[in-house]
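Following: one structure in structure tokens, then a few remarks.
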Amino acid sequence: MPRFARKGALLRYLAVGLALVMVSSCAVRTDEIARDPNSVRIALNGWVGYEASAAVMEHVLQEEMDYDVQLVRVDEQPSWQALDQGVLDVILENWGHDDLYELYGPEGNDTVVDGGSTGNEGVIGWYMPAYLAEEQPELLTPEGLRENTDLFRTPETGDKGEFLGGAPGFATQDEGMINAFDMDLEIVYAGSEAAQITEVQRRYANEEPVLFYSNEPHWIQEELDLVKVDFPVYFEGCDDDLEYVPCDYPLYDLNKIFRKGFAENDDLAYRFLDNWNWTNADQNEVAGMIADEGMDPEQAAEAWVGENRDKVESWLPEGYETRTQ
Amino acid sequence: MAVTTQTAATAPDGAVADDSRGVWRRSWFQALIVLAVLLAGYASARVLGNPSWAGGFPTAVGDSFMAWLDGVYAWIVENRNDSPLFLYFFNYISVGLGSAVVLINQFLDFLTWAGVTALGVLGAWRVAGWRVALLVLAAFGTFALTGLWNESMTTLALIITSVSIALLFGVPLGILAGRSDRFHRALRPVLDFMQIMPAFAYLLPFVLLFGISNPAAAVVTAVYALPPVARITAMAIRQVPEGAVEATTSLGSTPWQILTKVQIPLAKRTILLGVNQTIMLAVSMVVIASVIGAGGLGDAIYQALAKVNVGQAFQAGIAIVMLAIAMDRVTGAVGHGAHTPQIPERLRWQVLGGGVLIVAAVVAGARFLGLGGWPRNVAVDVAAPVNAFYDALQSAIGGFTASLSTWLLDWVLGPLSALLTGTPWWLVVVAAAALGWIFGGLRPALVSGGSFVAIGLLGVWNNAMDTLSQVLVASVVTILLGVVIGVLMSRNDVFAAILRPILDAMQTLPPFVYLIPAVALFTIGRVPALVAAVIFALPPVIRLVNDGIRGVPAGIREAAISQGSTKWQMLTKVELPMARASLGMAVNQGIILVLSMVVMGALVGAGSLGFDVVFGLAQNELGLGLASGLAILFLGLFLDRVTQGRRAPSA
């Protein structure tokens, strides 16, 4: 059947031709991916505080402003990359990451913009259960801790004390602090926040000693009675050498990061997210409902929005009603 | 001594061994000698005070390799929207795929839950019969009642996209490999590579090339799921009887006609089984892809775990198990062609048309009523009882499991890790090559030795040795448990009938679900990772052992009984030796599956290579992440070659 073969050849020419036309006519930038102008794509980082913020934003955008919200779960660093590639529109709670801002911000790729503070303040540090600190208050100072590292020995770390590290995506300087304060500790990398918290909960239930990386705001702080070890206060430049860090973690003023195109569009969704600003207590209230009471994030957000109408009203941009009409 | 009369593996090629030296020829004995040499090397290195020439592999080459990869990474980040390579190639793919997933998802939304269910159930009935249709209905019911309808649809959209890509490339590759020996030889190592490389390890490069979220997830899933369909298609084409091909050739057909009129139709059934395997792999990968921002059920599990809510994660896990089982039965039934409804030839179009009409009517009706996804508040909560059970379990056996964990660390994992990391690197390389030679021959020996040198050159020697110690211990536990349970299963039909669905579920339940309970019971660190790996790798081992023993011909069994064998003799002298091919495959599969859990284990504190892969992914450190991923691949090559024995033809 020669007719058959000719048809095949024709198809092949067509395909090659089409490919050539496509290639020569337009260069594709990653931000040209199919996107609904009515949708807002929010990065969802892996801790419950963030999830609380995201749930409230999602609720208002969806229910009161009729946007379609997609929450995409990614780690911190890849979230920035996603903004750069135009796959996501906003990071709601950014902890520092000056290096990434340099890379993707106005000085670098110029694809993201700083959206200003969320109103939340972030604390990172070394924590232990309160029952431990009550028995031996000296554990809360670097010197006292250095003397008592054997308290934290586990089969996993042998003759060194165990320090439970945070999730791999988090910013850490623990190794440098251990070196600087000359502590006989070994970091066990939990590999995920969930695994770390499970272990802390287990030890807490058995009233065993445990020393670990954590942060505030965080729902675990509401559930367990934890205290933070007092290290010398952070000063500019003390964490330049990550092998030797003679101070505590810095305080973070948590901020929002927008995709530049999203901010330039300046639609109602952007204006709303830009207006949003709340306190640690607000976030903890929502986070506690999600983590402790096991509520769906949506339900928790709905409950909070119902009780805090005035705050929500103050974030809503002018003319938002037009979207639902 | 339960050594069989058939020597486990004969001496290596070319080595003329004297029969009178009996014990020297046995491979287990030779392996023990290798172990003794390792111990001696470890001891002498310690006595000498661990000088640098007798320590780990120098890291200079590895460090510069990682730095180079980090440079590549930085270049890509800066040039993604400038370089023609991206503008005209990668970005096309990522934009196309990302859009495809979004569009399919929107289409499923458009159909509403009622329409999707009608379409799925009727389709399943047509291709696989009413039993499977009921199963599909149950699966959709599970999606709805767990409150995860939208997530399930997202997962479905992602699976459809990635399976389509896998088939688009896999089937033609398989056909080419089926028709050309040279192409087959070139393709095989590539497919091996794709199957041994742990999925986590190549997430990062794909994210880099195709962009985070759906595009990369679709590509990664397609890559992961492609090997079986390519392999099985090649095999199916090769199995088409020569006679049929020759007869057509003599009638003057063109090669294209032979392919489309003879080879593909005759191989269709087998190819469909390959498609089935590909879909199953896609289902499991879609869950892992949630780590790079793929939405859906995997993401639901991942989010539940962030809150340490085991019950909620389990609920989403059940939805995935149902999705996997339904897809398996549908595609499996298409492959076997069994149980399809008997529809006369002349009515086929009418039945199809009727089906389309019903679905259209349901969709129209549902849209008229304003339905969309299943309402979330109509759901059954199984999370609470599961959480209660989990808490009870923890308080009941938590103390025992924790001390078991301590024992394992002190007496098994600790010493083995110390042995492997403390022995001079060149001695470990020689030992690996020797093991390859003992169990495989010359080529496996070269591959094994080469793999270890490559690991050293990657600059991750110490981590790799620590990971190897964990993999070895987990493999031994898996194989021991697997053989015991497999033997019990082959003895007792009732036990087998109970066990089979449990194994099905265990195999499709995403490991994410049992990682956290493992931590709660066994304390954080290497042990929960080991437990999770054992759970993951156990089902296929049990199945293979069971199948192998049940496959022993009844005649041979009866002969043994008539000669007065006891049950124990029957097992050790007759059944296990006869089932050796299956046992060998079970060992190989078990080890490779344990290895594929290395990265997953890092999520609960296993550290070493797996952690560096996770860390590289989370912190965008391509060098560290990729080097560690490749090291896992080389460990896999070594373990695979050593345990594959002589069965693999060297061609």
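Note that the protein sequences, when read in sequence, are chains A and B.
Letter by letter, the first sequence follows residues 22 to 346 of the numbering used here.
Letter by letter, the second sequence follows residues 29 to 679 of the numbering used here.
Glycine residues also receive a C-beta, built at the ideal position from the N, C-alpha and C atoms.
Give the residues of chain B in contact with residue i, contact being defined as C-beta atoms less than 9 Å apart.
i                         : result
proline 271 of chain A    : Result: empty, since nearest Cβ-Cβ is about 18 Å, beyond 9 Å.
isoleucine 311 of chain A : Lys335
asparagine 130 of chain A : Val105, Glu106, Arg108, Asn109
valine 69 of chain A      : Ala334, Lys335
Which chain B residues are close to residue i, counting only those with a beta carbon under 8 Å from its beta carbon?
i                       : result
alanine 103 of chain A  : Gly239, Ile240, Ser241, Gly321
arginine 280 of chain A : Residues of chain B passing the Cβ test: none, with the nearest at roughly 13 Å.
Output, in chain order, the set of chain A residues within a Cβ distance shorter than 7 Å of residue i.
i                            : result
tyrosine 330 of chain B      : Arg94
isoleucine 188 of chain B    : Going along chain A, no residue has its Cβ under 7 Å from isoleucine 188 of chain B, so there is no contact; the nearest lies around 16 Å.
leucine 631 of chain B       : Gly212, Ser213, Ala216
phenylalanine 643 of chain B : Pro189
Could you pull out every residue in the same chain whose Cβ sits closer than 6 Å to the Cβ of residue i, ignoring the five residues on either side in sequence?
i                         : result
proline 338 of chain A    : Leu289, Arg292, Phe293
glutamate 237 of chain A  : Val144
tryptophan 297 of chain A : Trp336
glutamine 83 of chain A   : Val90
proline 243 of chain B    : Ser122, Leu125, Gly126
Just to make sure I have the definition right: I need the residues of chain A whose C-beta is within less than 8 Å of the C-beta of residue i. Which are they?
i                         : result
lysine 289 of chain B     : By Cβ distance, chain A contributes nothing, its closest Cβ being about 10 Å from lysine 289 of chain B, past 8 Å.
aspartate 438 of chain B  : Pro176
asparagine 552 of chain B : Note that residue 552 of chain B corresponds to isoleucine in the displayed sequence, not to asparagine. What isoleucine 552 of chain B touches in chain A: Glu177, Leu185, Val209, Ala211, Ala216, Gln217, Thr219, Glu220.
Short of 7 Å in beta carbon distance, which residues of its chain neighbour residue i, apart from the five on each side in sequence? Order them along the chain.
i                         : result
serine 190 of chain B     : Ala246, Thr249, Ala250, Ala253, Ala310
alanine 284 of chain A    : Val134, Tyr291
methionine 459 of chain B : Strictly speaking, residue 459 of chain B in this sequence is alanine, with methionine absent from that position. Cβ neighbours of alanine 459 of chain B beyond the five flanking positions: Val62, Val65, Leu66.
valine 44 of chain A      : For valine 44 of chain A, the pLDDT reaches just 49, beneath the cut-off of 50, and the residue's location in the model is therefore unreliable, although a value from the coordinates is still provided. Excluding positions up to five away in sequence, the list is empty.
glutamine 331 of chain B  : none
threonine 449 of chain B  : Gly84, Asn490, Met493, Asp494
aspartate 668 of chain B  : Ile224, Asn616, Ile620
Just the chain A side, please: which residues come within less than 9 Å of residue i by C-beta, in chain order?
i                        : result
aspartate 306 of chain B : Residue 306 of chain B is actually threonine in this sequence, not aspartate. Here the premise fails: no neighbours, minimum Cβ distance about 24 Å.
valine 580 of chain B    : By Cβ distance, chain A contributes nothing, its closest Cβ being about 43 Å from valine 580 of chain B, past 9 Å.
Applying the 10 Å Cβ sphere with the 16-neighbour rule, what's the burial state of residue i?
i                         : result
asparagine 59 of chain A  : exposed
asparagine 337 of chain B : buried
serine 138 of chain A     : exposed
alanine 68 of chain B     : exposed
lysine 296 of chain B     : exposed
glycine 198 of chain B    : buried
aspartate 356 of chain B  : buried
glutamate 214 of chain A  : buried
aspartate 110 of chain A  : buried
lysine 277 of chain A     : buried
valine 149 of chain B     : buried
arginine 280 of chain A   : buried
alanine 211 of chain A    : buried
glutamate 257 of chain A  : exposed
threonine 343 of chain A  : exposed
alanine 30 of chain B     : Confidence at alanine 30 of chain B is low in this model, with a pLDDT of 37, below 50, so its placement is unreliable and the value that follows should be read with caution. The residue in question, alanine 30 of chain B, is exposed, as its Cβ has fewer than 16 Cβ neighbours within 10 Å.
valine 221 of chain A     : buried
What does residue i reach in chain B if we use C-beta pairs closer than 7 Å?
i                        : result
threonine 219 of chain A : Val336, Ile544, Val547, Ala548
glutamine 98 of chain A  : Ala646, Gln647, Asn648
glutamine 194 of chain A : Chain B residues near glutamine 194 of chain A: none, gap ~14 Å exceeds 7 Å.
Comparing the CB of residue i with every heavy atom of the ligand MN, is any distance shorter than 8 Å?
i                      : result
alanine 146 of chain B : With respect to the ligand MN, the structure shown offers nothing to examine, as it has no ligands at all.
Between residue i and the rest of its own chain, which residues show a CB-CB distance below 8 Å, the 5 nearest in sequence each way excluded?
i                      : result
leucine 447 of chain B : Leu66, Leu67, Tyr70, Ser497
leucine 272 of chain A : Glu142, Gly143, Val144, Tyr255
Chain A contacts made by the region 195–207 of chain B, where a contact means CB separation under 9 Å: none
Residues within the region 417–428 of chain B neighbouring chain A, beta-carbon criterion of under 7 Å: none
Chain A contacts made by the region 456–472 of chain B, where a contact means CB separation under 8 Å: none
Cβ pair count under 8 Å reaching 3, the region 187–201 of chain A against the region 257–264 of chain A: yes
The region 490–502 of chain B contacting the region 635–649 of chain B, beta-carbon criterion three pairs below 8 Å: yes
Cβ contact (3+ pairs, closer than 8 Å) linking the region 298–309 of chain A and the region 238–246 of chain A: yes
Touch test, the region 261–280 of chain B against the region 196–215 of chain B, Cβ-Cβ under 8 Å, three pairs minimum: yes
Members of the region 125–151 of chain A near chain B, C-beta cut-off 9 Å: Tyr125, Gly129, Asn130, Thr132
Touching by the beta-carbon criterion (3+ pairs, under 8 Å), the region 200–212 of chain A and the region 175–184 of chain A: yes
Touch test, the region 314–322 of chain B against the region 385–398 of chain B, Cβ-Cβ under 8 Å, three pairs minimum: no
Inter-stretch contact at 8 Å, needing at least 3 Cβ pairs: the region 404–418 of chain B / the region 168–183 of chain B: yes
Chain-ordered residues of the region 657–668 of chain B with a beta carbon less than 7 Å from chain A: none
Contact the region 554–567 of chain B vs the region 594–611 of chain B: 3+ CB pairs below 8 Å: no
Three-pair Cβ contact test at 8 Å for the region 223–234 of chain A versus the region 562–570 of chain B: no
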